[in-house]
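So the structure is just underneath, and the comments pick up after that.
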Amino acid sequence: MTKQIHLAAHFPGVNNTTVWSDPASGSQIDFDSFRHLAQTAERGKFDFFFLAEGLRLREAKGRIHDLDVVGRPESLTVLSALAAVTTHLGLAATVNSTFNEPYEVARRLATLDHLSGGRAAWNVVTSFDAFTGENFRRGGFLAEADRYTRAKEFLQTARELWDSWAADAVAADPESGRFLRPGGVAPFRHQGRHFDISGLFNVPRGPQGHPVIIQAGDSDEGREFAASSADVIFSRHSKLEEGRAFYRDVKRRLAAYGRRPEELKILPAVTYVLGDTEAEAAERAAEIRRAQVGPQTALYFLEAVWGRDLSGYDPDGPLPDVEPNLDEGVSRGHAAFRRDRGELVSKWRALAEEKNLSIRELAIEVSAPQTFIGTPRSVADEIDHFVQADAADGFIFVPHLTPGGLDDLVDKVVPLLQEKGVFRADYTGPTLRDHLRLAPRTQNRTEETS
Numbered sequence: 060m061t062k063q064i065h066l067a068a069h070f071p072g073v074n075n076t077t078v079w080s081d082p083a084s085g086s087q088i089d090f091d092s093f094r095h096l097a098q099t100a101e102r103g104k105f106d107f108f109f110l111a112e113g114l115r116l117r118e119a120k121g122r123i124h125d126l127d128v129v130g131r132p133e134s135l136t137v138l139s140a141l142a143a144v145t146t147h148l149g150l151a152a153t154v155n156s157t158f159n160e161p162y163e164v165a166r167r168l169a170t171l172d173h174l175s176g177g178r179a180a181w182n183v184v185t186s187f188d189a190f191t192g193e194n195f196r197r198g199g200f201l202a203e204a205d206r207y208t209r210a211k212e213f214l215q216t217a218r219e220l221w222d223s224w225a226a227d228a229v230a231a232d233p234e235s236g237r238f239l240r241p242g243g244v245a246p247f248r249h250q251g252r253h254f255d256i257s258g259l260f261n262v263p264r265g266p267q268g269h270p271v272i273i274q275a276g277d278s279d280e281g282r283e284f285a286a287s288s289a290d291v292i293f294s295r296h297s298k299l300e301e302g303r304a305f306y307r308d309v310k311r312r313l314a315a316y317g318r319r320p321e322e323l324k325i326l327p328a329v330t331y332v333l334g335d336t337e338a339e340a341a342e343r344a345a346e347i348r349r350a351q352v353g354p355q356t357a358l359y360f361l362e363a364v365w366g367r368d369l370s371g372y373d374p375d376g377p378l379p380d381v382e383p384n385l386d387e388g389v390s391r392g393h394a395a396f397r398r399d400r401g402e403l404v405s406k407w408r409a410l411a412e413e414k415n416l417s418i419r420e421l422a423i424e425v426s427a428p429q430t431f432i433g434t435p436r437s438v439a440d441e442i443d444h445f446v447q448a449d450a451a452d453g454f455i456f457v458p459h460l461t462p463g464g465l466d467d468l469v470d471k472v473v474p475l476l477q478e479k480g481v482f483r484a485d486y487t488g489p490t491l492r493d494h495l496r497l498a499p500r501t502q503n504r505t506e507e508t509s
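Note that this note's numbering numbers the sequence shown so that position 362 is 421, with each residue one more than the last.
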């Protein structure tokens with residue numbers, strides 16, 4: 060059976076994927092940038108528009124690292140504004156479960172679901188480090204081992220709040236003078252390891268029942284969390300065989316939670332580069348990678364792993380001959396490099412020797428490889444093959460330009476996917492759950508509060 064492809068758009072601006080120095084690049088803050096990208100995605104009939112979030116800016120040697128795009132507006136505020144200028148596009152917010160509270164987050168997400176007519180989604184993320192925690196009252200108290208236990212309880216608590224309102228709780232009957240149906244709103248009481256709260260939730264149940272839940276963890280614990288609780292996985296596995304292995308592993312876990320494979324969509328983060336010929340696309344892709352990983356960025360990339368100031372090294376020269384400093388180091392805020400840095404250095408040295416790579420060439424080789432490169436037809440075919448081969452259910456596209464980075468994809472590739480019959484010609488329902496072919500989350504107070 061031919062699978063239908065799901066597509067989503069990621070607003071660039073969290074790291075050096077974004078080529079902010081390109082003349083075609085616009086503001087990362089102005090609302091018009093968010094509106095342009097979101098409306099382009101909606102014109103392409105995408106499932107949802109996705110905003111990442113960072114709670115602290117990266118630093119290098121005690122200074123803000125401004126080779127990445129800096130300045131990250133709060134996701135739910137932006138998406139609430141976008142709800143007014145879109146009609147069908149899902150609106151997905153990254154909201155941290157380590158440094159927020161369930162009542163506040165549940166209230167804001169339920170509000171977005173109402174404002175948008177059932178298009179809200181929540182990407183549940185965690186923070187492990189005291190560096191980020193310094194921005195918050197609790198500081199860095201939460202041990203890394205506890206971050207998923209808190210996230211699971213956080214989501215469970217939010218669901219209890221959403222389920223405390225029946226779908227028909229609001230009667231608003233002027234004849235009887237009764238606004239709420241008797242028994243339509245139940246008190247909530249949650250007592251757990253991380254949260255001890257009680258009261259009455261103050262937002263009626265949203266159109267979707269619960270917002271769509273997205274999860275991005277790749278560890279074994281993260282995969283299990285997704286299998287038990289998520290509707291979508293934001294995956295990093297954008298190569299075919301890696302994607303198929305990840306797809307099989309996560310889908311097989313669903314049965315243990317009474318879930319079917321189609322109840323969890325796996326969407327890797329991907330990029331694209333188009334050209335009139337394959338050679339032209341490849342040349343353009345190489346230019347983009349060199350713009351994304353300039354000399355300073357390459358050194359900074361290695362400094363995060365080596366834990367040392369490498370400013371004296373030539374980015375176009377060989378890798379540093381010094382051993383890494385495995386303490387905190389000179390760069391802060393890079394979660395990807397917090398474990399096994401000594402082993403990683405050994406692997407990179409072997410790779411650099413095997414391929415005769417400079418510092419900059421290595422950084423390009425190992426960081427965020429490009430995914431779909433070619434003509435519109437070959438890219439459409441590759442996207443379709445990836446999904447039909449059960450390596451993904453679709454993709455979250457991360458363009459390198461703001462705000463026009465999706466224009467070519469929507470104008471040149473999406474029509475070919477529609478022509479192949481693997482992508483919708485139009486939306487078939489109003490909610491994000493409709494787009495993802497997920498059933499509404501039905502109320503189950505007994506299950507959620509037990």
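Idealized CB from N, CA, C, for every residue including glycine.
Buried or exposed by the 16-neighbour rule on C-beta atoms within 10 Å, applied to residue i
i: H124; result: buried
i: F213; result: buried
i: D335; result: exposed
i: K406; result: exposed
i: K344; result: Before going further, note that residue 344 is Ala rather than Lys in the sequence given. Label assigned to A344: buried.
i: A151; result: buried
i: A286; result: buried
i: S257; result: exposed
i: A202; result: exposed
i: D227; result: exposed
i: F457; result: Checking the sequence, you will find Val at residue 457 rather than Phe. Buried.
i: L491; result: buried
i: S156; result: buried
i: E507; result: The predicted model places E507 with a pLDDT of 37, which falls under 50 and marks its position as unreliable; any figure quoted below should be read in that light. It is buried - the Cβ of E507 has at least 16 other Cβ atoms within 10 Å.
i: V144; result: exposed
i: T505; result: Its pLDDT being 35, under 50, T505 is placed unreliably by the model, and the measurement read from it follows with that caveat. Result: exposed.
i: A142; result: buried
i: T76; result: buried
i: S278; result: exposed
i: K414; result: exposed
i: H444; result: exposed
i: T430; result: buried
Beta-carbon separation (whole angstroms), residue i vs residue j, contact threshold 8 Å
i: G371; j: L385; result: Wrong, their Cβ atoms sit about 20 Å apart, outside the cutoff.
i: E495; j: D106; result: First, the residue type needs correcting, since residue 495 is Leu and not Glu in the sequence shown. The pair is a contact, with the Cβ atoms about 6 Å apart (cut-off 8 Å).
i: P263; j: V291; result: Actually they do not touch by this definition, with Cβ atoms about 25 Å apart.
i: F158; j: L114; result: 6 Å
i: I455; j: H69; result: 5 Å
i: P354; j: P374; result: 4 Å
i: Q87; j: G121; result: No, Q87 and G121 are not in contact; Cβ-Cβ is about 24 Å, not under 8 Å.
i: V389; j: A119; result: 7 Å
Residue closest to residue i, alpha-carbon to alpha-carbon, out of the options
i: D493; options: G149, F431, R419, G281; result: G149
i: E4; options: T145, F107, D89, G121; result: Beyond the ends of the chain as shown, which are 60 and 509, falls residue 4; an answer cannot be given.
i: L183; options: P383, F293, D467; result: The question names Leu, but residue 183 is Val in the sequence shown. The candidate whose alpha carbon is nearest that of V183 is F293.
i: A450; options: V164, P327, S80, R419; result: P327
i: L168; options: D188, L220, V144; result: L220
i: K41; options: S175, A67, A111, L116; result: Since the first residue of the chain shown is 60 and the last is 509, residue 41 is not available in this structure.
i: R349; options: L313, A427, R295, V381; result: A427
i: E346; options: V78, P71, T185, H253; result: V78
i: T208; options: W224, H253, H459, W181; result: H253
i: D255; options: Y162, T76, P374, D470; result: Y162
i: G251; options: G281, A245, A210; result: A210
i: D380; options: F195, T76, Q351, A411; result: A411
i: E323; options: G453, L421, E112; result: Reading off the sequence, residue 323 comes out as Leu, not Glu. The residue with the shortest Cα to Cα distance from L323 is G453.
i: A217; options: L239, A245, H249; result: H249
i: K382; options: R178, V389, L299, V404; result: The question names Lys, yet the displayed sequence has Glu at residue 382. Comparing Cα positions, the closest option is V404.
i: A179; options: S297, T136, D399; result: T136
i: N74; options: W181, Q447, E112; result: E112
i: P489; options: L126, L138, G176, D127; result: G176
i: T61; options: D485, A448, A422, V469; result: A448
i: V469; options: L421, Y331, D399, K414; result: Y331
i: G265; options: E118, P246, I432, A225; result: A225
i: D127; options: A314, K310, P71, A204; result: P71
Residue i beta carbon near the ligand COA (any heavy atom closer than 7 Å)
i: V309; result: The model depicted lacks the ligand COA and carries no ligand whatsoever.
Chain C within 8 Å of residue i, Cβ atoms only
i: S86; result: Within the model displayed, chain C is absent; a lone protein chain is all it includes.
For the segment 98-116 and the segment 460-469, state whether three or more C-beta atom pairs, one from each stretch, are separated by less than 8 Å.
Yes, the segment 98-116 is in contact with the segment 460-469.
Taking contact to mean at least 3 C-beta pairs separated by less than 8 Å, is the segment 355-371 in contact with the segment 428-439?
The segment 355-371 vs the segment 428-439: no contact.
Three CB pairs or more closer than 8 Å across the segment 356-365 and the segment 338-345:
No contact exists between the segment 356-365 and the segment 338-345.
Go through the segment 329-413 residue by residue and report every complete run of the beta strand (DSSP E) that reaches 3 residues or more, in order.
Those beta strand (DSSP E) runs which fall completely within the segment 329-413 and span 3+ residues are 331-333.
For the segment 212-296, list the beta strand (DSSP E) runs that are entirely contained and at least 3 residues long, ordered along the chain.
229-232, 237-239, 247-250, 255-258, 271-274, 291-294, all fully within the segment 212-296.
In chain order, each beta strand (DSSP E) run of at least 3 residues that lies wholly inside the segment 81-122:
For the segment 81-122, whole beta strand (DSSP E) runs of length 3 or above, ordered along the chain, are 107-110.
Alpha helix (DSSP H) runs contained entirely in the segment 432-479, provided each spans 4 or more residues:
DSSP runs (the alpha helix (DSSP H)) wholly in the segment 432-479: 435-447, 473-478.
Given 8 Å, three or more beta-carbon pairs between the segment 305-323 and the segment 465-482:
Too few Cβ pairs lie closer than 8 Å, so no.
Can you find at least 3 beta carbon pairs, one from the segment 229-245 and one from the segment 304-311, that sit closer than 8 Å?
Of all C-beta pairs linking the segment 229-245 to the segment 304-311, fewer than three are shorter than 8 Å, placing the two stretches out of contact.
Is the segment 253-272 touching the segment 155-173, taking contact as three or more C-beta pairs under 8 Å?
Between the segment 253-272 and the segment 155-173, the count of C-beta pairs closer than 8 Å reaches three or more; the two stretches touch.
Could you tell me which uninterrupted beta strand (DSSP E) segments, each at least 3 residues in length, are contained entirely in the segment 152-215, listed from first to last along the chain?
Whole beta strand (DSSP E) segments, 3+ residues: 179-184.
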